[in-house]
Amino acid sequence: MIEVEVKNINKHFGNFKASDNVSFAIERGKLIGLLGPSGSGKTTILRMIAGLETPDSGEIFIGGRKVNDLPPGERGIGFLFQSYALFKHMTVFDNIAFGLTVQKKSDSEIKNRVEELAELIGLKDFTSRYPLQLSGGQRQRVAFARALAPNPELLLLDEPFAAIDAKVRQELRGWLKQTIHKLGITAIFVTHDQDEAVEVADEIIITNRGRVEQSGAPIEIYQSPKTPFVAKFIGESVQVPDYTIFKGFDEYEPREGILRPEFLEIGATIDEMPQPMPVTTERGIVRGTYFRGSVIQVDVEIKGQLLKGFRGLEQVPLHEGDEAFVFIHKIYGFDGDKTQVIENAAKRRESVII
Amino acid sequence: MFGKSDVIPGRRLTLGITLTYVSLFLFIPLAAFMLYASGMGFEKFFAAVTDWRNVHAYGVSFFCALTAGIINALFGLIIAWVLVRYDFRGKKIMDALIDLPFALPTAVAGIALTTLYAQNGLLGKIFYGIGIETAFSPIGITIALIFVGIPFVARSVQPVLKELDPQLEEAANLFGAGNWTIFSKIIFPELIEPLLTGFALAFARGIGEYGSVVFIAGNMPYETEIAPLMIMTKLEQFDYQSAAAIAIVMMILSLTILLGIHGWQARQLKRIGGVVGA
Amino acid sequence: MRESIWLKRTLIFLAASFLFVMLIMPLILVAKEALSKGVDFYFAALTDEFALKALWLTIEATILAVALNTIFGLASAWLLTKFDFRGKTFLGSLIDLPFAISPVVAGLFFIMLFGRMSPLYPLLQEYNLAIVFAVPGIILATVFVTFPFITRELVPVMESQGRSEEEAAATMGANGWTIFRRVTLPNIKWALGYGIVLCSARALGEFGAVSVVSGHIRGKTNTLPLHIEILYNEYNFTAAFAVASVLVLLAIIILILRNLIENAGKASLQVSNLKAGVAND
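Here you go:
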């Protein structure tokens, strides 16, 4: 069942086109990540769904109801602001209770609901504190509870982790994902951080220059990026002006493409390469190695082109100036505004043989 | 401007109140004045504006306000410096006292200063003793204008001085710069803007000031008459046209000062790559 | 930068003596002159019929001007900080305009609007409405000169608060009045109090503008500052200073209030910052 539907939305700020014919639909109960670089129009989309901005044209539906002309307070949404926008002069209790008092709920009902939510966010003993007396992570959870208090159908979160320390952020991501799924609420969050989107979201919508580039499950987007932008934006990559210089890819027209580190097999010796070693294996010179925590990044030069790959910590260490074997499994080749996955010729032939 | 859907309510209401209020208390009186002034004809206007007695009065207002502004700029800087940089007994009282001229009715200041600086007054005795006529002279007018202008410079320099990054001075110190170099090359340039703003406000206020000045001025034609007093005099003679003409000259003077400073600030900000705020 | 103790002492001495001569001595003088003919004369001057009437008119004009300017200040600050529209900067400067106009000229505006040369004059005559040289004129002039005070205090504070708290309240369905009362007002109460105090101070002491429109009718259109002028010009110096001493007292109360409000505002900010600094995950 569709919870949120956005149809042909356009929005300008002066000469700046924040939304360019944006359309998408979101299923009920899903946790969606709106991902894009800053200025890509993701926050504008979120704010338009909330009613904090008005689209120039297009329609927005929440729960099957057209909400274009409804004020934010009547859309059945909860909104979590990037800066949290907690009411500074109200206690945690009063902050969470605000939406309910506006709805003129009874005191006992308010008290029960606030206590329930304070329990949920693990701040049961903090309800008489003021926002400035809380840490960043605690504030975020209060803002979350405040947004949830009136039982919204849809929760909208604007960069929910941006203002939090890296360490706490990791914890909160997991907590937020679990809690949202536990409540069964539909939620959309905006982020510019692909790790965050991949880790938290059920589905990702990628925006760029006011347009939706691609949407789908994180793994699907990772494995088959549809546009050059998505291919470059998701995951680590090295861009090459012409990938047909590499063995195994030379039967194509000269084209731009990108290579992810995991597309490369780098071997110090022949033994480390897939057996039997494909004929399209390249030889390169190691230009630098970097310890990256769980792997070692190896920069290797092939035909004047610097590529990036990973090697395990247990493998024989490579040094600058060493010769190395490199096998490129695949490349994302660009074709106008499309991306196609191109396998190494050696692998294609093998699969034909099998 | 209208019919836009806002998230925060109240656009129409507050716009309505604001425009009504601005119209009632600002536009309509201003328009009435303009209407009247425009009906007077250029010749009449020119004659009133260039009447020597009036010209002399603008001159007195202008030069006394300018002198008072300069003196206040100097002392305002010292006061702000002392309040921000030093700790001493009575600092809090000094800080609170600076605003006295904003709180004390100008007429009270006027009669008090006149009595103090009159020939037989407490301070007047000293000045007259060394041959300086402090009351009923341009010096007296300047003293009154110093009084009303005290808070302007001190209050605009103080916050800027407080916010000044101490690392700037530390950096200069590391290069071996001496106190005078640090002050003149590092600190003072940052203070020019608030100093000028405060000066312009005090200057503009001085040109229009009436209450504190009338008592100490003595109001002698061609000597110590100030421009606002000339308006009062013309009104008492029912010479509304001349009053309006003098008022126009005064408005042009103070607006020129304020806009001049504003324009200068905008240029400075542009020069150093800042953004001109609203 | 480390200054020598002598430079420091010289600068403090300069600042202190300047303020002593320019500000403290006039205050002392007012007290001394006011009591120079004894306490009985002092109280007689204060309880004089015209002095009391002038005091009453001053209070009336001040309360009205402050009340009107508070409503206007809140409305205009809300408009200027919560919405975007063309001409916003212009409107902001327009509100500041009375600061650039001499009070005497401001008084003149109202003479031109309601006085004998005004096109409105016959109409006013017909309905027997006196505005200039009467109480309404005094109130109008006072409102004019104190016009920008509250807006000026509120706008920077509301600007720095941003709009997100109000937006958050709106997403939860709060109406305008609820948002103002429960979200905005607690955030701006100190700035509002500060603005009201400054506005009152100016309204109490306004001289030039009120002088132009009052017509100096004793017991009818005299405010306290104008009453002082009359007493002084009649060479009744002691009575003039006696009345002045009341205004000095009010000025000191205003300064104290001003400081209390400022400190309260600062303290509430500091306490919360301090606690925020202590709090940790």
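Residue numbers (our numbering), protein chains in the order written: chain Y, 38 to 391; chain D, 3 to 280; chain R, 449 to 729.
Yeah, the Cβ is synthetic: ideal placement off N, Cα and C, and Gly gets one too.
Treat the numbers as computed from the prediction; the structure is a model and nothing was measured.
- Shorter than 7 Å from the beta carbon of R/Pro634 to some beta carbon of chain Y? yes
- Message: Going by C-alpha to C-alpha distance, which of D/Glu192, D/Glu171, D/Phe205, D/Met36 sits closest to D/Phe154?
- Response: D/Phe205
- Query: If you pair each beta-carbon of the stretch 81–100 of chain Y with each one of the stretch 41–59 of chain Y, do three or more pairs fall below 8 Å?
  - Reply: yes
- Query: Does R/Lys456 get closer than 7 Å to chain C when you measure Cβ to Cβ?
  - Reply: Protein chains in the displayed structure are Y, D and R, and chain C is not among them.
- Report the residue from Y/Arg183, Y/Arg112, Y/Val378 whose alpha carbon sits nearest the alpha carbon of Y/Phe286. Nearest option by C-alpha distance: Y/Val378.
- Message: If distances are taken between C-alpha atoms only, which option among D/Phe77, D/Ala109, D/Val51, D/Glu45 comes closest to D/Ile254?
- Response: D/Val51
- Task: Determine the direct distance from the alpha carbon of Y/Tyr369 to that of Y/Ile295, and round the result to whole angstroms.
- Result: Spanning the two alpha carbons is a distance of roughly 5 Å.
- Message: Run through chain R and tell me which residues come within less than 9 Å of Y/Gly110, C-beta to C-beta.
- Response: Ala617, Ala618, Thr619, Met620, Gly621, Ala622, Asn623
- Message: Below 7 Å on C-beta distance, what does D/Val297 contact in chain Y?
- Response: Here chain D covers residues 3 to 280 and nothing more, so residue 297 of chain D does not appear.
- Item | C-alpha gap between D/Met252 and D/Tyr60, whole angstroms | 8 Å
- Task: Would you kindly report the start and end of the unbroken alpha helix (DSSP H) that includes R/Ser608?
- Result: 597–609
- Message: When you compare the CB of D/Val277 with every CB in chain R, is at least one pair closer than 7 Å?
- Response: Here the model assigns D/Val277 a pLDDT of 43, short of 50, so the residue's position is not dependable, and the following value carries that caveat. False, the Cβ-Cβ gap to chain R never drops below 7 Å.
- Jot down the residue ranges of each uninterrupted beta strand (DSSP E) in the stretch 77–147 of chain Y, minimum 3 residues, whole runs only, in chain order. 94–99, 114–117
- Item | Cut-off 6 Å between Cβ atoms - residues of its own chain near R/Lys485, not counting five sequence neighbours on either side | Thr686
- Item | Buried or exposed (CB count within 10 angstroms, at least 16 for buried), Y/Val316 | The C-beta of Y/Val316 has fewer than 16 other C-beta atoms within 10 Å across all chains shown, which makes the residue exposed.
- What distance in whole Å lies between the Cβ atoms of D/Gly123 and D/Val215, which are believed to be in contact at a cut-off of 8 Å? 17 Å between Cβ atoms; not a contact.
- Query: So what does Y/Thr228 bridge to, in DSSP terms?
  - Reply: In the DSSP output, where bridge partners are listed per residue, Y/Thr228 has Y/Leu72.
- Message: So, under 8 Å CB-CB, Y/Met38 and Y/Arg65 are touching, yes? Tell me the CB distance rounded to an integer number of Å.
- Response: 5 Å
- Message: Here's the rule: buried if 16 or more other CB atoms are within 10 angstroms of the residue's CB, otherwise exposed. What is D/Ser256?
- Response: buried
- Task: Spell out the partners DSSP gives Y/Leu343 in its beta bridges.
- Result: Y/Glu338
- Can you name the residues of chain D whose CB is closer than 7 Å to the CB of R/Phe466? Phe77
- Query: Can you round the beta-carbon distance between Y/Gly358 and Y/Ile339 to whole angstroms, since I take them to be within the 8 Å contact cut?
  - Reply: That pair is no contact at about 15 Å.
- Task: Go to Y/Ser60, then tell me how far its beta strand (DSSP E) extends in each direction, as first and last residue.
- Result: Its beta strand (DSSP E) spans residues 53–64.
- Keeping to the same chain, check which residues put their C-beta closer than 7 Å to that of D/Leu166; ignore five residues upstream and five downstream. Ile189, Glu192
- Cross-strand partners of R/Ser541 (DSSP beta bridge): According to DSSP, R/Ser541 bridges with nothing at all.
- Message: For a test of the three-state rule: what should DSSP assign to Y/Arg178, helix, strand or coil?
- Response: helix
- Message: With a threshold of 7 Å between beta-carbons, can Y/Val139 be considered close to chain R, or not?
- Response: yes
- R/Asn576 (DSSP reduced to helix, strand or coil): coil
- Query: Name the DSSP bridge partner or partners of Y/Val323?
  - Reply: Y/Val337
- Message: Beta-carbon within less than 8 Å of Y/Pro74's beta-carbon, same chain only, minus the 5 sequence neighbours each way: which residues are those?
- Response: His229, Asn245, Phe270
- Could you round the C-beta distance between R/Ala638 and R/Gly713 to whole angstroms and report it? I think they count as a contact, below 8 Å. Reading the sequence as shown, one finds Trp at residue 638 of chain R and not Ala. The pair is a contact, with the Cβ atoms about 3 Å apart (cut-off 8 Å).
- Message: I need the straight-line Cα distance from D/Phe240 to D/Gly210, nearest angstrom please.
- Response: A straight line joining the alpha-carbon of D/Phe240 with that of D/Gly210 spans about 21 Å.
- Item | Beta carbon of Y/Ile97 nearer than 7 Å to that of Y/Val43 | yes
- Of all the CB atoms in chain R, is at least one closer than 7 Å to the CB of D/Phe205? no
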